[in-house]
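Residue numbers (our numbering): 1044 to 1112.
C-beta atoms are modelled at their ideal positions from N, C-alpha and C, and glycine is treated no differently.
Owing to the predicted nature of the structure, the values given are computational and were not obtained by experimental measurement.
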Amino acid sequence: MSEPTLWLNQTSVACPPGLTLSDLLHREGLPSERVATAVNARHVPREARETTLLNPGDTVLTFEAIVGG
1044 MSEPTLWLNQ TSVACPPGLT LSDLLHREGL PSERVATAVN ARHVPREARE TTLLNPGDTV
1104 LTFEAIVGG
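So this is what it looks like as structure tokens:
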């Protein structure tokens, strides 16, 4: 039986039971203080990441603000 997965920035990654968005960012080495996040096309504010449980098949996007002048 294959391990459950979700999509992170168009890449399939493992999704063990109880995985939160905060856990995923930490596990994947993403700078949580510098990225915005969305799960299934819905914005997840930074303060909600620790309580946002992820499910197999979810689509998670992270993106950094681009600053220019």
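Exercise for review: Report, in whole angstroms, the separation of the C-beta atoms of L1097 and L1068, which I expect to be a contact under 8 Å.
Suggested key: Actually they are not in contact, since the Cβ atoms of L1097 and L1068 sit about 11 Å apart, beyond 8 Å.
Exercise for review: Work out the CA separation of G1111 and T1048 for me, nearest whole Å.
Suggested key: Rounded to whole angstroms, T1048 to G1111 spans 36 Å at the Cα level.
Point to revise | Top-ranked residue by Cα proximity to E1107, from V1078, L1051, P1059 and A1057 | key: Its Cα nearest to that of E1107, the residue V1078 stands out among V1078, L1051, P1059 and A1057.
Point to revise | Cβ pair N1083, D1066 closer than 9 Å | key: Between N1083 and D1066, the CB-CB gap reaches or exceeds 9 Å.
Review point. How close, in whole Å, do the beta carbons of E1076 and L1051 come, if the pair is a contact with beta carbons under 8 Å?
Key: About 18 Å; that fails the 8 Å criterion.
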